[in-house]
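S.K.:
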DNA sequence: ATGGTAGAAACTCTA
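Numbering (the UniProt record's numbering), first residue to last: 1 to 255.
#1: As a quick exercise: from 98, 45, 190, pick the residue whose alpha carbon is nearest that of residue 136.
#2: Answer with buried or exposed for residue 63, where buried requires no fewer than 16 other C-beta atoms within 10 angstroms of its C-beta.
#3: If residue 3 sits next to residue 218, beta carbons under 8 Å apart, how far is it from one beta carbon to the other, in whole angstroms?
#4: Under 6 Å Cβ to Cβ from residue 310, same chain only, skipping five residues before and after it: list those, please.
#5: Just verifying my parser: in three-state terms, what is the DSSP assignment at residue 116?
#6: Got a sec, what are the start and stop residues for the beta strand (DSSP E) residue 100 sits in?
#7: Counting pairs of beta carbons, one from the stretch 219 to 227 and one from the stretch 193 to 205, are three or more of them closer than 8 Å?
#8: Based on the DSSP secondary-structure assignment, which residues constitute the bridge partners of residue 2?
#9: What did DSSP end up calling residue 212 once you bin it into helix, strand or coil?
#10: Look up residue 7 in the DSSP assignment and give the residues it is bridged to.
#11: Just the C-alpha distance for residue 128 and residue 91, rounded to the nearest angstrom, thanks.
#12: So residue 243 packs on residue 21, CB below 8 Å; how close in whole Å?
#13: Under 9 Å between the Cβ atoms of residue 71 and residue 48?
#14: Exposed or buried, which one is residue 167 when buried takes at least 16 other CB atoms within 10 Å?
#15: Only counting the same chain, and skipping five residues up and downstream in sequence, which positions put a Cβ closer than 8 Å to that of residue 87?
#16: Exposed or buried, which one is residue 112 when buried takes at least 16 other CB atoms within 10 Å?
#17: Distance, Cα to Cα, residue 153 vs residue 197?
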């Protein structure tokens, strides 16, 4: 079984690239973030023709998440229960016995801003909910754009990024608290190339210069981590014309 | 010292 996550930064713009990517990688499940589409505009038919069912929670202009799957999604839920949020950042579904949670963590804008406080509150609410969700569903996978680079190895220049949003202490501590409920960063279950990143700013030729961060993650419960045989970042879509600023991440699970 | 780019949508905000 193959699960993937990709912040597409506008599903409308990226749909042709996504459809081609699905043919190349034939994942069973794909979590998408920043679809930036209202539900009425979701390209359900194009994806159905490609062999994928979809559940989605979108809004105009910003945010928006979706789960594509070969199997029909079961027990679909939107948002973090009990956490009031206008922004569409979470959708979950059960697929082939696996509870799949797709998250688009707030960016945080800058350390100390209102959006940064919202990000930290949001991560605490996510952690509290997922702790319960893990008890209900031992086979839990949480995929998405976390907007947090956990370790120095996940940042092209840790000195430059120290204390900055996406790599600040409180964000990294919140990420560790999320792992502490019983989730594993699947990427670090295996030896990986140095300077492995999933996001590069559109500006300053950051991609060509290797100025990236690893902020998109696939977290697995212990039960799923035991089944995991591979986790890779696919940088190819980032090289294409008119790319998303994020690369997809893929995991393989054995039966 | 605070721009640089991309997306959506409206002439600015978010990332």
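No residue lacks a Cβ here, since even glycine has one placed at the ideal position from N, Cα and C. For clarity, every value in this text was computed on a predicted model and none was experimentally measured.
M.R.: The short version:
#1: 98
#2: buried
#3: Under the criterion of beta carbons closer than 8 Å, residue 3 and residue 218 qualify as touching, at roughly 7 Å.
#4: Here the chain has residues from 1 to 255 only, and residue 310 is not among them.
#5: helix
#6: 98 to 104
#7: no
#8: 252
#9: strand
#10: 33
#11: 16 Å
#12: Not really, about 11 Å apart at Cβ, beyond 8 Å.
#13: no
#14: buried
#15: 59, 62, 63, 106
#16: With fewer than 16 other Cβ atoms within 10 Å, it is exposed.
#17: 9 Å
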